[in-house]
Amino acid sequence: MLLAELQNHKLPAEFYQRPTLEIALELLGKVLVCVRPEGVAAGYIVETEAYIGQDDPACHAYKGLTPRNKTMWGEPGLAYVYFTYGNHWMLNTVTERADYPAAALLRGLQPLLGLDLMHQRRQLDQLKGKPADYKLANGPGKLCQALGITGALNGFSLQSEELFIANPPAEAALPPFEVVQTTRIGITRGMDSPWRYYVAGNKSVSKT
DNA sequence: GGGCTGATTTGCT
DNA sequence: GCAAATCAGCCCG
14 MLLAELQNHK
24 LPAEFYQRPT
34 LEIALELLGK
44 VLVCVRPEGV
54 AAGYIVETEA
64 YIGQDDPACH
74 AYKGLTPRNK
84 TMWGEPGLAY
94 VYFTYGNHWM
104 LNTVTERADY
114 PAAALLRGLQ
124 PLLGLDLMHQ
134 RRQLDQLKGK
144 PADYKLANGP
154 GKLCQALGIT
164 GALNGFSLQS
174 EELFIANPPA
184 EAALPPFEVV
194 QTTRIGITRG
204 MDSPWRYYVA
214 GNKSVSKT
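Here the first sequence is numbered in this note's numbering, starting from 14 and rising by one per residue.
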């Protein structure tokens, strides 16, 4: 079964102990897996953004350490989950090294496992019917909703049993793809840094 | 397909 | 109080 394969190919701690831009780039095509009591959901990462250090005006760490952004100063490989806009959770992977606040935001997922569960969680309106599969997690807020990720997972290790990122086995990998590098989305400061990456042509990218 | 707008909570000024 | 690493609904074409 694919889930067992994925569990055996978790990214090692060293993967996260590197420059954030490298990590954001290399996360593309990896598989994010979330195991909750109600079931398993997983998808290919197709869009990421880097937020790097206290000098990056768009990074939450810009204004210094607060209870909310504390996880960014933690060990690389932790999940930094935060709440914004009154409705939405966001998932990041902590990068670089402990005591240095940096993270890669996961912005888009191409659904792979647990499609029914994702539809159930993302159900908007009984009358409207199901959204297309590629729209289940094509955005950072939707991604968390589809996988059942909430603040309860903030500070969890991304090598845990509940939430982890894995290198898919060759037979389950995304077909070869090109990467587009561009500026970040949804921010009001630090808009010049081209720290967003996505899989060219993939429909689960939030905006092209 | 694209543009505009209200929703709704948390954390910090 | 207000801004926020957003989303969905509604209108238009």
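Note that CB positions come from ideal geometry on N, CA and C, so glycine has one too.
Mind checking residue i: buried by the 16 CB within 10 Å criterion, or exposed?
i	result
E35	exposed
E109	buried
T33	buried
E191	exposed
A165	exposed
G56	buried
G77	exposed
D138	exposed
A37	buried
Going by the beta-carbon positions, is the gap between residue i and residue j smaller than 8 angstroms?
i	j	result
A179	V46	yes
L118	M103	yes
T221	P207	no
Q202	A71	The identity of residue 202 in the sequence shown is Arg, whereas the question assumes Gln. For R202 and A71, yes; Cβs fall inside 8 angstroms.
P80	R120	no
K43	I65	no
E51	L130	yes
A185	L15	yes
For residue i, does the three-state DSSP call read helix, strand or coil?
i	result
T33	helix
L125	strand
L15	helix
L11	Nothing in the structure corresponds to residue 11, since the chain is present only between 14 and 221.
L137	coil
Just the Cα atoms here: how many angstroms apart are residue i and residue j?
i	j	result
P89	A115	9 angstroms
Y29	V107	7 angstroms
R31	G214	27 angstroms
L122	H73	23 angstroms
Y75	P182	38 angstroms
N167	V94	5 angstroms
V53	R135	15 angstroms
D112	A63	17 angstroms
P22	L41	The residue you asked about is not Pro; residue 22 is His in the sequence shown. Taking the straight line joining both Cα atoms gives about 15 angstroms.
E39	K143	31 angstroms
G127	F96	24 angstroms
R197	N105	14 angstroms
N100	Y211	24 angstroms
L156	L149	7 angstroms
P124	M204	29 angstroms
E175	I200	30 angstroms
V218	K83	28 angstroms
T61	K216	14 angstroms
W86	Q67	11 angstroms
D69	V193	21 angstroms
Inset, instruction - Report the residue ranges of all beta strand (DSSP E) runs contained in full by the segment 35 to 69; include only those spanning at least 3 residues, in chain order. - result: 44 to 49, 52 to 65
Legend entry - beta strand (DSSP E) runs contained entirely in the segment 71 to 117, provided each spans 3 or more residues: 92 to 97, 101 to 107
Inset, instruction - Run through the segment 144 to 209 for me and flag every whole alpha helix (DSSP H) of 4 or more residues, listed as ranges in chain order. - result: 153 to 160
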